[in-house]
Amino acid sequence: MLQAASSATRTKQVEVRLALVLYGGVSLAVYMHGVSREFLNIVRASRRLEQSVDLEPGSCIEAYAHVLKLFRPELDLRVVVDVISGASAGGVNGVMLARALAHDLSIDRHRELWLDNADVTRLANEPVGLTRYLKSSIAPVLDRLVSMGLKSELTDPETRTKLRQFMQARWFTPPFSGERYVGWMLDAARQMEPEEKEDVEGRDCPPTLIPQGQSLDLFVTLTDFHGARRRFEIDDPPEVEETEHRLILHFAATCRGGGELQSQFTDREIPDLVFAARATSAFPGAFPPMTLGEMDRVMGLRGAPWAGRGAFVARALSVPGHKPENRVFVDGSVVMNKPFQPVLDAINGRPAAREVVRKVIYVDPLIPEPEEDEAAIEAEEAETLTQVTNGEPGFFRVILASLAHIPRNEPIGDALDQVQDYNREIRQLSDVIAAAEPVVEREVGAILRPVIDQPMTLRELSRCRVMANERAHSAAGYAYLGYQRLKLASIAESLGGLLGRLRGPERQSRLATLALTRRINALHNRLLAGARANGAQGYYPEVSSEPVISFLRGLDVDYRIRRLRFVISRLNRLYRSAAPEADTEPKEMDELKSTLYEQIDHLLMRWSPSFYGDETVAALERVLASEPADPAADDPELEALLSGLATRMGLGDLDRLADDAFSVMAYNYLPPRLRMSLVSAYIGFAYYDLVTLPVSQRQDVTEINEIRVDRISPNDTHILRPHGVRLKGRNLNAFGAFFNRRWREHDYLWGRLGAADRLITMTLRAARGMSAPDPEAVRAARRKLLLAILREEEPHLLADPELVPDLIQEVEAALDTVEPE
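Per UniProt numbering, numbering through the sequence shown is continuous, rising by one, with the last residue being 821.
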């Protein structure tokens, strides 16, 4: 039994939070499947440690748990994957990994699916009619031509045989069957069984590897062949249309504060996920483009209803002016082979349940090898009579590079620059909070002094919170005007987005949402102008204007969310501060945190269209039909709509619930010295928000952590291969693994071994300065993990009988050490 950290030892709790960027790579998808298994394994091991469950001795999960236990008792590491973005081969693996993470499912059976089915003889359409006999008769000629062009890549008999068969497939049509591919992925998704056969003792929520209060986001990149027309506002003419070919499908799962799991990765959504996987990997020329019609045919032939088709089409594929059935999709790598941007956008505003080490890991299976590539190019040019004069590339090479190779291999410099800018902003924000902290604690201490040593009643806590808000705003002076303007603009943007979503995906319009946001901002301007005209009390009339205050109290959802998440981040700092003799149990602090997350859930529901009824939608339609010609004129329909929203949101009631829960639990669960720090963060949040919102200009700044970028690639240094590993699937322009079972087994196994080795190194780097395990213990743990992978795979990888035994000997020789007791 793996025991949780003893309450007698206050352990620093840190969450290593991974955001994954999975590149395309054609047949190197097999390698990426091996990599994705290790992400799942380390997350599962981390979860099992938290749950203190039995683990099978010698298993990979137990080996990862052993790695994480090396950092104890100083450091309790939790490893979480919370964002996945993939294109092409990366998109397929991202879909399956996300489903496994969301519902704690096994992907063990996918090994056979990849090794058996990712073969040209299984993927290819059968030749038909005269084509079959014609190609058979000229097979020797084809074989000779192929041999001349590919040379050393065809020394393997299996590859030569299958390539000859492949050349006899139907000409001028994609050789691979999209419908067969869809069927295999449907089977693969349905064969994902729960990893836990029995419920964990005391668990009152569905199985998931998503921590409570957090979400998992999956982004899959597609290329819309025809493109969708988008309208943009410019100065002259007022609007223009552009064609956009990039489409990013988004799936999400959230484990809410009470343990409820809301997921788009359930069995019901399997056809949605498979559609995304098939479309993102529809490599041009190899697979036919993906359409809704293909998915409908497969589901119809299987007699399986696509229960969520209408909702998926409306959410993901509906664009005004385009019929979803007419949209055609090809490989996502055509427009975005390295999908960093969705990950960087999603990282903003993630809630932090612990202190966080944020990592973005990109998996690049096909890094160019300059010397080898140049030799291959020269050989190709010699064989195909492509002429190069004065160093200029030939005709066909220019076309091929322009259409395929260059777009797919653009560097990630822009994304890395964006990460550096983000980190610079985070450092500035951390400095601002650190500078403000002593001032805030002093100001809040003056408010709390009469009552801090006694339980605070609901009325006292509410009064202190309101008083702190007023003092913070008053002390800010003229700086408050900019803060208030920024906050009102943020509210207008959030409300405009909500109103746009209320119309539904098919009627939602970006320009209509922008227009609604402008009208709400115009209403703000009228409220502020009215405050000045009416001579409201105070140095800054608009600050003390009752209409403005009423508006904020009724509709400022995001401020409440920021406050609660800020308190949770402070609570995370108190785990180690709680001395053993203070009689404070971590589970009590966890209960307080869980209660705060439940309050956040209530607030987040206010931004969901499902929270509102038909009467709100009807009021919105009246607003859209009654836009005033003059932006400065009154807008009674909009005012009525916002008043109805404020009533429906009921934020005053939620404030009282949060105050009540916080006052009781903070007093009962925390000793006085810890209680003061947390109450100060809750009551004095207005001070912090005044200085952080203008700096960040984001609605949520609770994950105040720099981003560390790491790479997993076969070219990276490995404990067994200091210069990296050359994947067999690189052959035949990255299609090689489709032609050879031994090559697939080689690449898949090295995907697992390489990722495992890199994950240990990344975990050590994440813990720098917090815990330093003994190097010999790390060496032994690395050996244990690599051997566990090899012994797990030995019964399954049989095409090359020497592959696994040779690697076992290599691990034992390279990491020969005595494992600690």
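Virtual Cβ for every residue (Gly too), placed ideally from N, Cα, C.
Being a predicted model, the structure only gives us computed values, none of them experimental.
Which of the three DSSP states, helix, strand or coil, is assigned to residue i?
| i | result |
| --- | --- |
| Thr-647 | helix |
| Glu-242 | strand |
| Tyr-23 | coil |
| Pro-324 | helix |
| His-602 | helix |
| Met-665 | helix |
| Val-16 | strand |
| Val-800 | In the sequence under discussion, the amino acid at residue 800 is Asp, which differs from the Val named in the question. In this structure, Asp-800 counts as coil in the three-state DSSP scheme. |
| Lys-338 | coil |
| Asp-235 | coil |
| Val-709 | strand |
| Phe-312 | helix |
| Phe-251 | strand |
| Ser-88 | coil |
| Phe-39 | helix |
| Pro-194 | strand |
| Gly-299 | For the record, residue 299 in the displayed sequence is Met; it is not Gly. Helix at Met-299. |
| Leu-499 | helix |
| Ile-808 | helix |
| Ala-435 | helix |
| Ala-814 | helix |
| Pro-773 | coil |
| Met-456 | coil |
| Ser-52 | coil |
| Ala-681 | helix |
By Cβ distance below 7 Å, which residues in the same chain neighbour residue i in space, the five residues on each side in sequence not counted?
| i | result |
| --- | --- |
| Asp-710 | Lys-359, Ile-361, Met-762 |
| Val-623 | Glu-637, Leu-638, Leu-641 |
| Arg-109 | Gln-191 |
| Arg-675 | Ala-666, Tyr-667 |
| Ile-712 | Val-35, Ile-361, Val-363, Gly-754, Ala-755, Arg-758 |
| Glu-792 | Cys-60 |
| His-796 | Arg-111 |
| Asp-199 | Residue placement at Asp-199 cannot be trusted, given a pLDDT of 49 that sits under 50; what the coordinates show is reported in the next sentence. If we look at Asp-199 and ignore the five residues flanking it on each side, it has no Cβ neighbours. |
Could you check how far apart the C-beta atoms of residue i and residue j are, in whole angstroms? I think they sit under 8 Å.
| i | j | result |
| --- | --- | --- |
| Asp-82 | Ser-215 | 7 Å |
| Thr-457 | Ala-492 | Not confirmed; about 36 Å, so no contact. |
| Pro-194 | Asp-104 | 6 Å |
| Arg-256 | Asp-601 | 5 Å |
| Thr-243 | Gly-227 | 4 Å |
| Val-440 | Tyr-688 | 6 Å |
| Pro-288 | Pro-174 | 5 Å |
| Gly-213 | Tyr-597 | 4 Å |
| Ser-88 | Gly-332 | 5 Å |
Name the residue from the options whose alpha carbon lies nearest to the alpha carbon of residue i.
| i | options | result |
| --- | --- | --- |
| Glu-239 | Ala-512, Asp-224, Ile-789, Gln-809 | Ala-512 |
| Ser-323 | Gly-310, Gln-484, Tyr-64 | Sequence inspection shows Lys at residue 323; the Ser mentioned does not correspond to that position. Closest option to Lys-323, Cα to Cα, is Gly-310. |
| Pro-305 | Gly-293, Arg-268, Ala-253 | Arg-268 |
| Lys-593 | Gln-264, Arg-354, Leu-209, Pro-438 | Arg-354 |
| Gly-86 | Asn-337, Lys-487, Ile-683 | Asn-337 |
| Pro-207 | Arg-47, Ile-600, Met-295 | Arg-47 |
| His-250 | Phe-219, Arg-606, Arg-278, Phe-611 | Phe-219 |
| His-746 | Arg-765, Phe-735, Val-725, Leu-764 | Val-725 |
| Val-120 | Arg-741, Pro-284, Ala-799 | Arg-741 |
| Cys-464 | Leu-416, Arg-122, Ser-696, Phe-685 | Phe-685 |
| Ile-367 | Leu-727, Trp-750, Val-778 | Leu-727 |
Kindly identify the DSSP beta-bridge partner or partners of residue i.
| i | result |
| --- | --- |
| Tyr-688 | Its beta-bridge partners do not exist; DSSP assigns none. |
| Glu-355 | Val-14 |
| Tyr-362 | Val-21, Arg-711 |
| Ser-594 | DSSP, once it has assigned bridges, lists no residue as partnering Ser-594. |
| Leu-216 | Ala-253 |
| Pro-631 | In the DSSP output, where bridge partners are listed per residue, Pro-631 has none listed. |
| Asp-76 | Gln-13 |
| Arg-230 | Glu-242 |
| Val-182 | Answer is none; Val-182 lacks a bridge partner. |
| Pro-284 | Phe-287 |
Kindly list the residues whose CB is nearer than 8 Å to the CB of residue i, restricted to its own chain and excluding five residues on each side of it in sequence; keep chain order.
| i | result |
| --- | --- |
| Ile-719 | Asp-757, Arg-782, Leu-786, Ala-814, Leu-815 |
| Ala-118 | Ser-27, Ala-29, Val-30, Ala-737, Phe-738, Arg-744 |
| Val-811 | Leu-720, Arg-783, Leu-786, Leu-787, Leu-790 |
| Glu-74 | Thr-11, Lys-12, Met-770, Ser-771 |
| Glu-56 | Glu-62 |
Given residue i, which residues of its chain have a CB within under 6 Å of its CB, disregarding the five upstream and five downstream residues?
| i | result |
| --- | --- |
| Glu-819 | Reliability fails at Glu-819, whose pLDDT of 48 lies under 50, so the model's placement of it is uncertain and the value that follows must be treated cautiously. Same-chain partners within the cutoff: Ala-780. |
Measuring only between beta-carbons, confirm whether residue i sits less than 8 Å from chain C.
| i | result |
| --- | --- |
| Gly-332 | Going by chain labels, chain C is absent from the structure shown, which holds only one protein chain. |
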